[in-house]
Amino acid sequence: MDNVSRKREKLERCPPGHAGRYLALYKLAYALCERYEKESRIDDLNESITLHRDSLELLPVEEEGGGRSFSLNELAFCLCRRYRKLGAVDDIEEAIALERQALALRPPGHPKRSASLHNLGGHLWTRFEKQSEICDLEEAIPLLRAALELHPSGHKWRSFTLHYLSLCLSCRYERQGLVEDLEELVTLR
């Protein structure tokens, strides 16, 4: 039995109103997204998005236990993946809005704030790639800089954040010719 099947069985044992339903929905949605990453079956991604939406409905809007910010983050991730696959602008717009909500639930000092800063910057970069709006770079660059400050040398996300920041600075330099961007690119590591 594969992981998705196991998670489906768990969800079946958690009907609406059951205390474990949120977690069962979240874990099945996560497993479906993981399978999508391996097998690229869009039905898995679509179902993951639906289940993440269902799980979010079970959490209070200002839930402080961390579950809501994780769910917002995962739903945004799935929507961004679907945008990359299908190109539906509504998906990237929603992903950015959801990641902003997740960031709001992760104030300075929160252990996962760097992930939301990085993810929001990455989603803005993704939108820039297709829509070429310089305002996306203008917003992404300070977010990625802030994430980089929270990712010290050796941090597992540092290279990803450096990559996105380098792309943003490079594109802004190409469009606006700001020497400061080129100077910053040279110093990034």
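Here the numbering used here is used: position 122 in the sequence shown is 123, and no number is missing along the way.
Cβ atoms here follow ideal geometry from the backbone N, Cα and C, with glycine treated the same way.
Quick caveat, the model's predicted, so the values are computed rather than measured.
Would you identify the three-state DSSP class for residue i, choosing helix, strand or coil?
| i | result |
| --- | --- |
| Ser154 | coil |
| His111 | coil |
| Pro61 | coil |
| Ser117 | helix |
| Leu125 | helix |
| Pro16 | coil |
| Asp44 | helix |
| Asp3 | coil |
Closer than 7 Å to a non-hydrogen atom of the ligand HEM - does that hold for the CB of residue i?
| i | result |
| --- | --- |
| Leu183 | This structure lacks the ligand HEM, and indeed carries no ligand of any kind. |
Check for me: the alpha helix (DSSP H) holding residue i runs from which residue to which?
| i | result |
| --- | --- |
| Leu80 | 68–87 |
| Asp91 | 90–105 |
| Ala30 | 22–40 |
| Leu163 | 159–177 |
| Asp182 | 180–188 |
| Ser133 | Where Ser133 is concerned, there is no enclosing alpha helix (DSSP H), given that its DSSP letter is neither H nor E. |
Can the beta-carbon of residue i be found less than 8 Å from the beta-carbon of residue j?
| i | j | result |
| --- | --- | --- |
| Leu26 | Asp55 | yes |
| Leu52 | Ala30 | yes |
| Leu125 | Ile97 | yes |
| Ala148 | Thr162 | yes |
| Leu80 | Gly68 | no |
| Arg83 | Leu46 | yes |
| Leu170 | Glu185 | yes |
| Ile135 | Arg176 | yes |
| Cys172 | Leu138 | yes |
| Arg36 | Val5 | yes |
| Lys39 | Lys28 | no |
Assuming residue i and residue j are in contact, meaning their beta carbons sit under 8 Å apart, how far apart are those beta carbons, in whole angstroms?
| i | j | result |
| --- | --- | --- |
| Leu106 | Ser49 | Not a contact, Cβ separation roughly 21 Å. |
| His152 | Ser115 | 6 Å |
| Leu183 | Leu166 | Wrong, their Cβ atoms sit about 13 Å apart, outside the cutoff. |
| Ala77 | Glu100 | 4 Å |
| His111 | Trp158 | Not confirmed; about 15 Å, so no contact. |
| Asn74 | Ser133 | Contact doesn't hold; Cβ gap of about 26 Å is too wide. |
| Lys43 | Lys113 | Per the sequence shown, residue 43 should be read as Ile rather than Lys. The Cβ separation is near 28 Å, so there is no contact. |
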